[in-house]
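Enquirer: What follows is a single structure, and I will ask about it in a moment.
Residue numbers (our numbering), protein chains in the order written: chain H, 670 to 855; chain V, 670 to 855; chain A, -12 to 241.
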């Protein structure tokens, strides 16, 4: 093959796990004696300090890895991800959005698990706000969503929330589930 | 910083989604005017046919991707993570991509068949998103394509979609097809 | 010509129609409607085993074709012929529009797709671990939000919501509604007694009210055949009916 170098580079780059010479040999249909110098060439090529990653030899195979010295910088990638929510946070937010004002007990009844921690996180992120106290024994706090919540989801107001009725109509096999009335969410 | 080039390369390599200049600017603590030439340099550097991957511009950001020509070889990695799209799914995706925002009724009028199930699948795969509600009676949901859609097809933005005229053999006066009346679909 | 066509190869009636037009080398702007209707119907006849939902959509198109055909056969009167649109126009427009997206779908199919033709780095951090706890996090959008709520409601029995769906609907009130309508019309289709956007509880109460009226011999129920419209017919004189009103409190259901 003409451009074996290119192919080996692509294989190592795209593989889920380190690629051994044996595996590379099967994939490229080339003997290991041909492949070894190519891998060495690649190692050399990416060893320069100009590169942010290099060809590491791990677990009996080859794999591209970021340069160790950059680790403190690369950690920031984790922290600064776009807004993502855990399933717990999303569930809690959904219940409050659709059923506000909602008390913690109502949320926990629907979710079936303690939700205090998640609610605190959402409050800290200013996605929830406290609407007051409910007129029942114990006077529990009632929660609703905030302006930041509307902004995050690009909603003008709560009427813009997808109605669960229309939503459920997307999946005919599920329509037996009780769709909520949108009006009730207010 | 001394080796910004190296850091940018590492960030783009390590990020699990395309990195925009804005994001890079936050991560590296450098202005975009400094970063842009570096990214261009990287693009050039990896554009040579000697490389198995290149710096692609996708979904408003940059990402290393394997060279398209190697696709038949890379299939042998057997990652099989790819979704095989049905004809119905691709048609629905195409209609939404070109007409967004589009309501379910519009899509079904155009396709002549119920599309709820297909739309739900595409939503579950994060290829579609809900854009809001249409200001017409009944306030139906409006759908559009997502960032993941752009990433799937390696598009920079929606303007990057293949123009319909290019491959449509319509009579010239009809290439600008009137938007259909959504009301008719109901 | 016998055509062997499997309907499941087509994504819908428009797809099938386009195929027939092409395979008979017709001009899409000048469809020979009689011929195409015949071809289309013969394909539909073969689809004995198709499930009903799909069949319905294909049958709807058959009806459209037959309708167009009949309009084409009507004599065109001179005065209005200028403004009269070609009966095929709407269909042609739909076909052309559909064809564009069908072609776009094919282009999509052939475009390099991530994880099928093109791959990104399967990145490994060197010498430090990432917080794997975050792996289960999902990107957020309105769909995800609504879906979260929807899944929760699916799992929970609806009794949680009885306090919100409890409306002040009384059977007596609905009996009055129905009898009021019957005084005007004498005969009502079953579907007509429901308001446009009935809730589940409203449906139940209306149904109970109907049964109550039958039990009281105020109305009779008629149906011509299986699955045809159910008719409610007044069985008493309007005078007798008005005498019922004072007793409506008897029917209060709490």
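The beta-carbon is built from N, C-alpha and C at its ideal position, and this holds for glycine as well.
Which residue spans inside the stretch 691 to 725 of chain H form an unbroken alpha helix (DSSP H) run of at least 4?
Expert: DSSP runs (the alpha helix (DSSP H)) wholly in the stretch 691 to 725 of chain H: 701 to 714.
Enquirer: If we cut at 8 Å on Cβ distances, does residue 798(V) have a partner in chain A?
Expert: For residue 798(V), the answer is yes, since a Cβ of chain A falls inside 8 Å of its Cβ.
Enquirer: Three Cβ pairs or more, each shorter than 8 Å: is that satisfied between the stretch 713 to 728 of chain V and the stretch 746 to 765 of chain V?
Expert: Verdict: no, contact absent.
Enquirer: Taking the beta carbon of residue 680(H) as the centre, do at least 16 other beta carbons fall within 10 Å, making it buried, or is it exposed?
Expert: Counting Cβ neighbours within 10 Å, residue 680(H) comes out buried, since at least 16 surround it.
Enquirer: Which residue's Cα is closest to the Cα of residue 791(H): 762(H), 837(H), 686(H)?
Expert: Nearest option by C-alpha distance: 762(H).
Enquirer: Verify the CB distance criterion: does residue 118(A) have a CB-CB separation below 8 Å to chain H?
Expert: Bear in mind that a pLDDT of 40 at residue 118(A), under 50, signals an unreliable position, so the model cannot answer this.
Enquirer: In chain H, what lies closer than 7 Å to residue 135(A) by C-beta?
Expert: Residues of chain H passing the Cβ test: 759, 760, 763.
Enquirer: What does the alpha-carbon distance come out to for the pair residue 801(V) and residue 785(H)?
Expert: Whole-angstrom Cα-Cα distance: 30 Å.
Enquirer: Within the chosen definition, does the stretch 819 to 834 of chain V reach the stretch 164 to 182 of chain A through at least 3 CB pairs nearer than 8 Å?
Expert: Touching, no.
Enquirer: Using a C-beta cutoff of 8 Å, does residue 13(A) count as contacting chain V?
Expert: So, not an interface residue.
Enquirer: If you draw a straight line from the alpha carbon of residue 734(V) to that of residue 759(V), how long is it in whole angstroms?
Expert: Approximately 23 Å, taken between the alpha carbons.
Enquirer: With 8 Å set as the bound, which would you pick, yes or no: does the beta-carbon of residue 139(A) sit closer than that to a beta-carbon of chain H?
Expert: Yes, residue 139(A) lies at the interface with chain H (some Cβ there is under 8 Å from its Cβ).
Enquirer: With a cut-off of 8 Å, do at least 3 Cβ pairs link the stretch 804 to 818 of chain V to the stretch 82 to 98 of chain A?
Expert: No, they do not touch.
Enquirer: What does residue 19(A) reach in chain V if we use C-beta pairs closer than 9 Å?
Expert: The premise fails here: residue 19(A) is roughly 19 Å from chain V at the closest Cβ pair, so nothing lies under 9 Å.
Enquirer: At the level of alpha carbons, what is the spacing between residue 26(A) and residue 75(A)?
Expert: Going from the Cα of residue 26(A) to the Cα of residue 75(A) covers about 17 Å.
Enquirer: Excluding the 5 residues preceding and the 5 following residue 689(V) in the sequence, name in chain order all residues of the same chain whose CB lies nearer than 6 Å to its CB.
Expert: Answer for residue 689(V): 729, 730, listed in chain order.
Enquirer: Using 10 angstroms around the beta-carbon of residue -5(A), count the other beta-carbons present and answer buried if the total reaches 16, otherwise exposed.
Expert: Under this definition residue -5(A) is an exposed residue.
Enquirer: Please report the residue range of the beta strand (DSSP E) in which residue 174(A) lies.
Expert: Looking at the DSSP string, the run of the beta strand (DSSP E) that includes residue 174(A) is 174 to 176.
Enquirer: Quick check: the Cα distance between residue 850(V) and residue 775(V), rounded to an integer number of angstroms?
Expert: Confidence in residue 850(V) is poor, its pLDDT being 43 and thus under 50, which makes the residue's placement unreliable; the coordinate value appears in the next sentence. Taking the straight line joining both Cα atoms gives about 8 Å.
Enquirer: In terms of residues, what are the limits of the beta strand (DSSP E) holding residue 802(H)?
Expert: Unbroken beta strand (DSSP E) run through residue 802(H): 797 to 802.
Enquirer: If I measure Cβ to Cβ from residue 682(V) and keep anything under 8 Å in the same chain, skipping five residues before and after, which residues do I get?
Expert: Closer than 8 Å at Cβ, skipping near neighbours: 733.
Enquirer: Enumerate, from N- to C-terminal direction, the unbroken alpha helix (DSSP H) stretches of 4 or more residues contained entirely within the stretch 72 to 109 of chain A.
Expert: As far as the stretch 72 to 109 of chain A is concerned, its whole alpha helix (DSSP H) runs of at least 4 residues are 76 to 97.
Enquirer: Can you list the residues of chain V that residue 1(A) reaches, using a CB-CB cut of under 9 Å?
Expert: Within 9 Å Cβ-Cβ: 779, 780, 781, 782.
Enquirer: Residue 763(V) by DSSP, collapsed to three states: which one?
Expert: In the structure shown, residue 763(V) sits in a helix (DSSP, three-state: H, G or I).
Enquirer: Can you list, in chain order, the residues of its chain with a C-beta nearer than 7 Å to that of residue 227(A)? Leave out the 5 residues immediately preceding and following it.
Expert: There are no such residues.
Enquirer: Are residue 765(V) and residue 797(V) close, meaning C-beta to C-beta below 8 Å?
Expert: Yes, the pair counts as a contact, with Cβ atoms nearer than the cut-off.
Enquirer: Given that residue 718(H) touches chain V, what residues does it touch there, using C-beta distances under 8 Å?
Expert: By Cβ distance, chain V contributes 672, 675.
Enquirer: Please work out which residues of its chain come closer than 8 Å, Cβ to Cβ, to residue 194(A), disregarding the five sequence neighbours upstream and downstream, and give them in chain order.
Expert: Within the same chain, residue 194(A) has no close Cβ partners at all.
Enquirer: Output yes if chain H places a C-beta closer than 8 Å to the C-beta of residue 730(V); else output no.
Expert: Residue 730(V) does not count as touching chain H.
Enquirer: Going by DSSP, what residue range makes up the alpha helix (DSSP H) through residue 673(V)?
Expert: Where residue 673(V) is concerned, the enclosing alpha helix (DSSP H) stretches over 673 to 683.
Enquirer: Return the residue from the list 793(H), 809(H), 746(H), 741(H) that minimises the CA-CA distance to residue 771(H).
Expert: Comparing Cα positions, the closest option is 809(H).
Enquirer: Can you find a CB in chain A that lies within less than 8 Å of the CB of residue 700(H)?
Expert: Chain A contact via Cβ: absent.
Enquirer: So that I know if they touch, is there some Cβ in chain V lying closer than 8 Å to that of residue 693(H)?
Expert: Cβ-Cβ to chain V under 8 Å: no for residue 693(H).
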